[in-house]
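The number in my numbering is simply the position in the sequence shown, starting from 1, with 694 added. Yeah, the Cβ is synthetic: ideal placement off N, Cα and C, and Gly gets one too. This report refers to the structure that appears directly beneath it.
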Amino acid sequence: AEFERACGVGVCITPEQIEEAVEAVITEHRAELLAQRYHFNMGLPAGEARNRLRWADGKTIKNEVDLQVLHLLGPKTEADLEKKPKAAKSRLAPVEKQKAAVVENGDMGTETQSLLEQLRGEALKFHKPGENYKTEGYVVTPNTMALLKQHLAITGGQVRTRFPPEPNGILHIGHAKAINFNFGYAKANGGVCFLRYDDTNPEKEEEKYFTAIREMVEWLGYQPYAVTHASDYFDQLYTWALELIRRGQAYVCHQKVEEIKGHNPPPSPWRDRPVEESLLLFEDMRKGKFGEGEATLRMKLVMEDGKMDPVAYRVKFTPHHRTGDKWCIYPTYDYTHCLCDSIEHITHSLCTKEFQARRSSYFWLCNALDVYCPVQWEYGRLNLLYTVVSKRKIIRLVETGAVRDWDDPRLFTLTALRRRGFPPEAINNFCARVGVTVAQATMEPHLLEACAREVLNEQAPRVMAVLEPLKVTITNFPAPKALEVLVPNFPADEGRGFHKVPFHSTVYIEETDFREEADKGYKRLAPGQPVGLRHAGYVIAVQNIIKDVSGRVIELEVTCTKSDVAEKPKAFIHWVSEPLACEVRLYERLFLHKNPEDPSEVPGGFLSDLNPDSLRVVHNALVDSSVLSARPFDKFQFERLGYFSVDPDSEEGKMVFNRTVTLKEDPGKA
695 AEFERACGVG VCITPEQIEE AVEAVITEHR AELLAQRYHF NMGLPAGEAR NRLRWADGKT
755 IKNEVDLQVL HLLGPKTEAD LEKKPKAAKS RLAPVEKQKA AVVENGDMGT ETQSLLEQLR
815 GEALKFHKPG ENYKTEGYVV TPNTMALLKQ HLAITGGQVR TRFPPEPNGI LHIGHAKAIN
875 FNFGYAKANG GVCFLRYDDT NPEKEEEKYF TAIREMVEWL GYQPYAVTHA SDYFDQLYTW
935 ALELIRRGQA YVCHQKVEEI KGHNPPPSPW RDRPVEESLL LFEDMRKGKF GEGEATLRMK
995 LVMEDGKMDP VAYRVKFTPH HRTGDKWCIY PTYDYTHCLC DSIEHITHSL CTKEFQARRS
1055 SYFWLCNALD VYCPVQWEYG RLNLLYTVVS KRKIIRLVET GAVRDWDDPR LFTLTALRRR
1115 GFPPEAINNF CARVGVTVAQ ATMEPHLLEA CAREVLNEQA PRVMAVLEPL KVTITNFPAP
1175 KALEVLVPNF PADEGRGFHK VPFHSTVYIE ETDFREEADK GYKRLAPGQP VGLRHAGYVI
1235 AVQNIIKDVS GRVIELEVTC TKSDVAEKPK AFIHWVSEPL ACEVRLYERL FLHKNPEDPS
1295 EVPGGFLSDL NPDSLRVVHN ALVDSSVLSA RPFDKFQFER LGYFSVDPDS EEGKMVFNRT
1355 VTLKEDPGKA
C-alpha cells in the first residue's frame, strides 16, 4: 500500500486542480510575462505547475499554460515573433549543436545510440575478424589458419556483413530487423555491408523486386558497400561443384523430389556411383540433356536436423533475369550461401534462427573445398501480431481484393509502411528497441506506432484539417476581407518557422466540436458556451443554429470577440477557412485476431479474419491551404487529429492523406 501511494496509484487529478495550479504559477510570474511576453521561458511555469501536481499529465499542464498565457498576453505581435539575439557561445555550444543535428537528421542522428542499443545480447559474443576458430562449433582443418591469414590480408581485419534477400517479393518489417542488424553491426564496428541478391530461383524473380529491395535499404538510411548477386558467381560455383565431385563429396542423383522430401527419405541408390560417371552426368545436366526433376547434384553430408545429402544443383529450363539462357542448372541456397559469403570474405554471416539447421552444411562445404570459411550466427526473427507477412498470403490478399497491392498501408511491408507515413527512423528505432537475441520476438503493432509518434512529433509540421466539416459564419467579422493568421509549424519551438493561413468570415469546424446541449464536462462549442479558435486570437459564440429539413445541423451563425478582451473560454478548437478539399484514409488493423494464421485462434483461415472496418475513407475533408505544395510522403500533424502523410494517389485539385497514427495510443490496442 505504501509503495502504491508512492507511485501515485489511485490518484485522480481534475482539470480544475490543473487550472488552479497553473493560475497560481502564472500569477507569480505575471510581471516577467508582461515584460518579456512570448520571449519568456514557458517551460518554467509548466515545470513549477508539474511540481505542485506531481501526478498530473504534462501535456495537459502545457495546454493549460498556453491557454492562460494567451488570455493574459493576447495573440502574438510582430515583436513577439522576432528572434532574440543569440547569446555568446559557451563551451557547451558544440554539444547543443550536435543535439540539434540529431533532431534534424533523425535517420543518422540517433543512429549511434540505436546501434549501441540493438547490438546488445548475442552480438556481444561475436568473434573478432580473423578469430573465427574461437567460435563454438567452428570446424578447424589443417588449412584453416592459412586461409584466415589470407582472409585478413584481403580485408585488413575489417568487419564484413551482408544482407542477402531473395528478389521474389517485397521486404517486410522482419527484413527491417535483418537490414538494421547487418548494416548496423558493420557500421558500429567500422566495417562494410554488402547487399547481395540471392537470385538462384529464376522462376520467381522480377526486376521490380530488385529495384524495390535496394530502394527500401536506402530509404532506411543505409548505403551498401557493394551490390552483388549470387549469379555474379555462377561460373565459380560451377567450377567448385566439379571439384566437389572430384573429391568424392558430391554425386548426381535421380531420385524424384517427392522421394527425398522430409527428414527420413530413403538413401539414394546412386550415392556411391563413380566420380567419373557423376562428372559426365553433371556435364549432361548443364547441357540440358535431363528434364526438370530427372537429375540433381547432391552433397554427401548429414545436417543437424537429420536431413541427408542436401541438393546442390537442380535442372530448371527458365531463363535467368541476368544471365539469360546461359544456364539450365541452378545452385540451391544450401550450396550457394556459404560459398558466396566465402568469395566476398564475409566475417559474420548473420541469419535468422531457422537457418541454424544449415550451420553444419555451411562449415562442411567451405572446408570440403578448402576455401575461407566465415562464421554463421543466428538470431531470432521479428514478427508482428495482427498481420501476415508471407509472400503467398499477401498475394492472396491482393487477389481477393482485401488489399490493393503490396504497398497497401494496412500491410507491414516496408513499402506499405512508407506509404502510410512511417518515417524510416521510427522503424530503425523500433528494431533497436527489440534488440538482437536468439529468441524469436513477437511484438504488438502499437509499439511500432509509439516509435512513429516520437519521430513524427519532432519532424511533422502542424497544420489544421477538418474531417467532418460544419460551416460556421461569423456575422460580425472584423474585416472586409480575409485576415492572415501566422501558425507555428512547431508550437513548442517557434524558431522552426511559421506558415500563413487565411481567416475569413466563413470557417469550418469539426461537427463533433459542436453540441446543441452541453453535457457536464463538455468544454467545446455550444449555445452559451464560447470556444477559442486556435491561433486566430478570437473567441466565437453561437447566435443561431441552421438545420436542414431532417433536423441535422448544417450551419452555425456566430459572433467573434478578440481573445484579449473576451472571457477565457474553456477550450480552443481547430478550424479551416478558404480550405483545400481532400480525401483522408483512416486505417485500423487489417485482422481481428492477434494471430490470424493460427488455426486454433482463427479456424476459418486468415482470409476469414479480415476486419471490415480496417479502412474508412473520408471523401470531403478540408485542410488548410498551406499544404498545397506538399509532395507524396510529406508528413504533417493535423492538430488534435493525428499524424498524416500525403499519398501518391494525390493529384492536382484533390490531395489524398493517409493517417499514419493517432496523436495518442488507443488504450484498447495496448
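> What's the call for residue 1329, buried or exposed, on a 16-neighbour Cβ count within 10 Å?
Replying inline: buried
> When you compare each of 748, 970 and 927 to residue 944 by their alpha carbons, which one comes out closest?
Replying inline: Closest option to residue 944, Cα to Cα, is 970.
> Since residue 996 sits in a beta bridge, which residues does DSSP pair it with?
Replying inline: 1002
>> Below 8 Å on the Cβ atoms is my contact criterion, and I expect residue 873 with residue 916 to pass it. Report the Cβ-Cβ distance as a whole number of Å.
In response: 6 Å
> Straight-line CA distance for residue 711 to residue 1242?
Replying inline: 41 Å
>> Here's a check: name, in chain order, each residue in its chain whose Cβ is nearer than 7 Å to the Cβ of residue 865, leaving out the five neighbours to either side.
In response: 859, 907, 910, 1107 and 1108
>> Assuming contact is defined by CB atoms lying nearer than 9 Å, are residue 1161 and residue 1340 in contact in what I supplied?
In response: no
> Out of curiosity, what's the CA-to-CA distance linking residue 867 and residue 1287?
Replying inline: The straight-line gap from Cα to Cα measures roughly 19 Å.
> In whole angstroms, what separates the C-alpha of residue 1334 from that of residue 758?
Replying inline: 15 Å
> CA-CA distance, residue 885 and residue 875?
Replying inline: Cα to Cα, the separation comes out at about 13 Å.
> Rounded to the nearest angstrom, how far is the Cβ of residue 1229 from that of residue 1179, given a contact under 8 Å?
Replying inline: The pair is a contact, with the Cβ atoms about 6 Å apart (cut-off 8 Å).
> Excluding sequence positions up to five away, which residues of its chain have a Cβ less than 8 Å from the Cβ of residue 1240?
Replying inline: 1247, 1248, 1249, 1250 and 1251
>> Going by the DSSP bridge assignment, what does residue 1045 pair with across the sheet?
In response: 1072
> Could you check where the alpha helix (DSSP H) with residue 1197 kicks off and where it finishes?
Replying inline: Unbroken run through residue 1197 is the beta strand (DSSP E), 1192-1197; no alpha helix (DSSP H).
> Just checking my contact of residue 1386 with residue 1023 at CB under 8 Å: how many whole Å lie between their CB atoms?
Replying inline: The displayed coordinates of the chain run from 695 to 1364. Any statement about residue 1386 would go beyond what the structure contains.
> So, is residue 706 buried or exposed, given that buried needs 16 or more other C-beta atoms within 10 angstroms?
Replying inline: exposed
>> Using CA atoms only, rank isn't needed, just tell me which of 843, 904, 980 and 744 is closest to residue 922.
In response: The shortest C-alpha separation from residue 922 is found at 904.
> With residue 1025 and residue 1006 assumed to form a contact (beta carbons below 8 Å), what rounded beta-carbon distance in angstroms separates them?
Replying inline: Right, the Cβ-Cβ distance comes to about 6 Å (below 8 Å), so this counts as a contact.
> Hey, out of 881, 716, 919 and 775, whose CA is closest to residue 750's CA?
Replying inline: 716
>> To the nearest angstrom, how far is the alpha carbon of residue 1129 from that of residue 1116?
In response: Their Cα atoms are separated by approximately 20 Å.
> So, using beta-carbon positions, are residue 1309 and residue 1094 closer together than 9 Å?
Replying inline: no
>> Is the beta carbon of residue 1352 closer than 9 Å to that of residue 1190?
In response: no
> Beta-carbon separation of residue 1148 and residue 1186 under 9 Å?
Replying inline: no
>> Considering just the uninterrupted stretch of the alpha helix (DSSP H) at residue 853, what are its terminal residues?
In response: From DSSP, residue 853 is part of no alpha helix (DSSP H); its letter is neither H nor E.
>> If you follow the beta strand (DSSP E) that residue 1274 is in, where does it begin and where does it stop?
In response: The continuous beta strand (DSSP E) containing residue 1274 extends over residues 1274-1281.
>> So if DSSP puts residue 923 in a beta bridge, which residue, or which two residues, is it bridged to?
In response: 891
> Quick one: what's got a C-beta closer than 6 Å to residue 1046's C-beta in the same chain, skipping five residues either side?
Replying inline: 1075
> Tell me which same chain residues have a C-beta within less than 6 Å of the C-beta of residue 1245, skipping the five on either side of it?
Replying inline: none
>> For a minimum of 3 consecutive residues, which ranges assigned as the beta strand (DSSP E) are wholly contained in the stretch 940-979?
In response: 944-947
>> According to DSSP, is residue 874 part of a helix, a strand, or is it coil?
In response: helix
> If you run the structure through DSSP and keep just helix, strand and coil, what is residue 1094?
Replying inline: coil
>> Quick check on residue 1313: buried or exposed, where buried means 16 or more other Cβ atoms within 10 Å of its Cβ?
In response: exposed
> Quick one: is residue 1171 buried, meaning 16 or more other Cβ sit within 10 Å of its Cβ, or exposed?
Replying inline: buried
> By DSSP, does residue 1080 sit in helix, in strand, or in coil?
Replying inline: Three-state DSSP puts residue 1080 in coil, outside helix and strand.
> Span of the alpha helix (DSSP H) holding residue 737?
Replying inline: 737-746
> Which residue comes first and which comes last in the beta strand (DSSP E) that contains residue 826?
Replying inline: Where residue 826 is concerned, there is no enclosing beta strand (DSSP E), given that its DSSP letter is neither H nor E.
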